[in-house]
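Inspection log for the structure reproduced underneath, given as structure tokens.
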Amino acid sequence: MTEDKRKVVLPGQLLGEVSRQKAGHGTFIEDGKIFSQRFGVLNDHGEYLDVVPLKGKYSAIEGDFVIGFVIEAMSSSWLVDINAPYPALLHVNEAPWKVEFGETDRYLNRGDAIMAKVLPIDETRKLQVTLNDRNLYKIKGGHLIDVEPSKVPRIIGKKGSMIALLKTYTRCRIFVGQNGRIWIDGPTEGIEKVLEVLRIIEDEALSFGLTKRIEEYLKKDAMDVQ
Amino acid sequence: MKSDIKLIDGHGKRLDGRKADELRKIKIEAGVLHRADGSCYLEWGGNKVLAAVYGPREAIPKHTQNPLKAIVNARYNMASFSVEDRKRPGPDRRSVEISKVISEALERVILIEQFPRTMINVNIEVLDAEAGTRCAGLTAAGVALADAGIPMIDIPVACAAGKIDGHVVLDLGQKEDNFGDADLPLGLAPRINEVILLQMDGHLTMDEFNKAFELAHHGCLVVSEMQKKALLEKYESVVQPEEVVQDVQPEESE
């Protein structure tokens with residue numbers, strides 16, 4: 000039974016030694032030994048060790064595509080909540096519109112949802128996002144749901160395999176933000192199906208061979224329809 | 000406080016039938032609240048404690064922000080119905096002190112440098128009290144923090160020892176605390192073996208203190224194992240074994 004499950008580790012648990020492996024994300028080194036920082040799943044990549052948390056806030060990485068809510072429109076920028084510990088700044092220069100000073104609220108206002116890209120993060124962790132990239136815009140219509148940010152890679156799958164699967168079988172448009180917010184638009188039945196599958200993925204994110212099982216699940220249902 | 004009550008009998012048995020080095024019954028459950036980032040419900044003898052963790056999130060009011068690290072705000076609160084005579088609700092001298100010492104204990108184990116300008120809120124709610132609530136509170140906070148996925152170097156744990164009728168014993172109960180001679184709550188980071196909280200109420204000689212410390216230290220290690228078990232059990236409930244397919248090879252590792 001241990002073969003088909005990933006190993007769950009606790010904060011402060013001994014994982015390995017520096018002389019044999021490198022310490023990756025979610026770990027720390029003390030006296031030449033590697034320990035886990037968080038309650039999560041151990042990924043042994045051979046040459047280095049990673050701990051992926053089971054729960055926790057989104058930690059922003061440069062270049063991530065995220066979905067954010069506008070908190071405040073200031074005179075030359077907006078404050079955006081991207082589910083990180085800090086609100087992110089969206090400057091007017093990073094928006095695709097020509098905005099007059101003090102007229103930011105004509106374009107984006109409190110409560111609006113946007114797709115955005117995370118700009119480089121400095122040491123002080125001041126977050127900035129931009130709308131100047133491919134297909135980034137204000138979200139109008141569709142559904143937004145929240146998932147655990149640590150489970151986003153499982154929802155996307157290897158090279159996007161899982162999400163491609165979902166899109167084909169449900170005829171929905173889906174955008175997965177790295178911060179755990181997912182936007183879905185399409186036929187009602189499709190959206191329901193996506194929500195159902197996302198819940199399965201979240202519940203079983205720790206098991207192997209998930210993409211295969213989800214595909215079978217979707218196929219079975221598709222045949223029922225025909 | 001002097002009284003005629005006999006706290007320990009000739010055979011070394013205490014009022015509730017425990018031996019000198021025996022803990023009360025402990026039950027720990029992680030992840031009981033859905034709105035909180037992490038949570039824990041803990042029963043320790045007659046103590047019932049609920050801990051909820053929020054954050055890390057932007058610290059407010061803004062002037063409390065530290066540009067180098069996160070601030071840890073633990074808030075210990077006793078419900079008005081937690082004690083025999085109704086407690087006047089709201090923070091008082093005692094709960095402010097306990098909040099402070101627990102905050103400082105947690106700061107030692109949380110990797111606060113990772114989240115500058117933020118705060119981590121730990122709310123400890125005592126629903127039912129029967130001596131040793133600060134230990135129960137710190138233990139519950141440790142589980143709730145781990146459940147919230149907050150990076151830590153260790154899971155903090157706490158346990159008390161004390162002196163009743165001249166005997167040094169582990170984990171005082173209500174009557175033992177009220178009519179005993181001394182109480183020694185100890186908070187511990189078990190892996191690095193570091194004391195993160197130590198208070199004393201009453202008088203102990205040096206020998207008695209050392210003995211009580213050893214006893215409480217041992218108690219902490221026992222409770223620590225229970226914490227770990229509770230956290231792992233919670234994960235077991237996330238993945239039901241019967242839904243795991245056997246004949247698959249690892250494909251996606253992202």
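Chains R and G are the protein sequences, given in the same order.
Residue numbering for the first sequence follows numbering that gives the first Met the number 0, starting at 0 and increasing by one per position.
Residue numbering for the second sequence follows numbering that gives the first Met the number 0, starting at 0 and increasing by one per position.
Cβ atoms here follow ideal geometry from the backbone N, Cα and C, with glycine treated the same way.
Between L53(R) and F34(R) the beta-carbon gap is near 17 angstroms, outside 8 angstroms, which marks them as no contact.
Against chain G, the beta carbon of F100(R) has no neighbour under 7 angstroms; the closest one sits roughly 25 angstroms away.
Of all residues in the stretch 82-110 of chain R, the ones placed with a Cβ closer than 7 angstroms to any Cβ belonging to chain G are P84, Y85 and P86, in chain order. Residue burial annotation: L220(G) is exposed, with fewer than 16 other C-beta atoms found within 10 angstroms of its C-beta.
In this structure the stretch 185-204 of chain G touches the stretch 146-159 of chain G; the number of beta carbon pairs closer than 8 angstroms is three or more. Taking a C-beta cut-off of 8 angstroms against chain G, the contacting residues of the stretch 52-83 of chain R are P52, L53, K54, G55 and K56, listed in chain order. Interface flag for K68(G) against chain R is unset, since no Cβ pair is found closer than 7 angstroms. Positions of the beta strand (DSSP E) runs, each at least 3 residues long and wholly inside the stretch 41-128 of chain G, are given as 46-57, 70-77 and 117-127 in order along the chain. Assigned with DSSP and collapsed to three states, S18(R) falls in coil, not helix or strand. Taking 3 residues as the minimum length, the beta strand (DSSP E) runs contained wholly in the stretch 38-69 of chain R are 39-43 and 47-52, in order along the chain. Across the structure, K210(G) and L49(G) are spaced so that their CA atoms are roughly 31 angstroms apart. Shown here, E191(R) sits in a helix according to DSSP, grouped into three states. Secondary structure at R198(R): helix, using DSSP grouped into helix, strand and coil. CA-CA distance, E207(G) to V168(G), rounds to 10 angstroms. When the alpha-carbon of K26(G) is set against those of C158(G), G11(G) and W43(G), the nearest one is in W43(G). For the stretch 185-208 of chain R, the set of positions with a beta-carbon nearer than 7 angstroms to some beta-carbon of chain G reads D202, E203, L205, S206, F207 and G208 in chain order. Boundaries for T26(R): no alpha helix (DSSP H) harbours it, while the beta strand (DSSP E) harbouring it runs T26 to E29, taken from the DSSP string. With distances taken between CA atoms, E16(R) lies nearest to T26(R) out of E214(R), V8(R), T26(R) and R37(R). Neighbours of L9(R) in chain G, taken as residues at a C-beta separation under 7 angstroms, are given in chain order as A145, I154, K227 and L230. Annotation: L185(G) to I120(R) spans about 41 angstroms, alpha carbon to alpha carbon. DSSP places C219(G) in the helix class (H, G or I) of the three-state scheme. The count of Cβ pairs closer than 8 angstroms, one atom from the stretch 203-215 of chain R and one from the stretch 146-161 of chain R, reaches three, so the stretches are in contact. A direct Cα-Cα distance of roughly 8 angstroms separates E188(R) from T169(R). By the Cβ neighbour-count rule, N108(R) is exposed, with fewer than 16 other Cβ atoms within 10 Å of its own. Counting C-beta atoms within 10 angstroms of its own C-beta, Y136(R) has fewer than 16 neighbours from the protein chains shown and is therefore classed as exposed.
Judged by beta-carbon spacing, R133(G) lies beyond the 7 angstroms limit of I163(G), meaning their Cβ atoms are not closer than that value. For the stretch 43-67 of chain G, the beta-carbon criterion of a distance under 8 angstroms to any beta-carbon of chain R is satisfied by G54, P55, R56, E57 and P66. Nearest Cα to E129(G) within the set R34(G), P115(G), R17(G) and D170(G): D170(G).
Within a 10 Å sphere around the beta-carbon of D146(G) sit 16 or more other beta-carbons, which makes this residue buried. Within a 10 Å sphere around the beta-carbon of E93(R) sit 16 or more other beta-carbons, which makes this residue buried. Where E175(G) is concerned, there is no enclosing beta strand (DSSP E), although the alpha helix (DSSP H) around it starts and stops at Q173 to F178.
Neighbours of M151(G) in chain R, taken as residues whose beta carbon is under 8 angstroms from its own, are P10, G11, Q36 and R37 in chain order. For M114(R), there is no enclosing alpha helix (DSSP H); the enclosing beta strand (DSSP E) has its first and last residue at A112 to V117. DSSP places M73(R) outside both helix and strand once states are collapsed to three, so it counts as coil. Of the residues assessed, M77(G) falls on the buried side of the cut-off, its CB having 16 or more other CB atoms within 10 angstroms.
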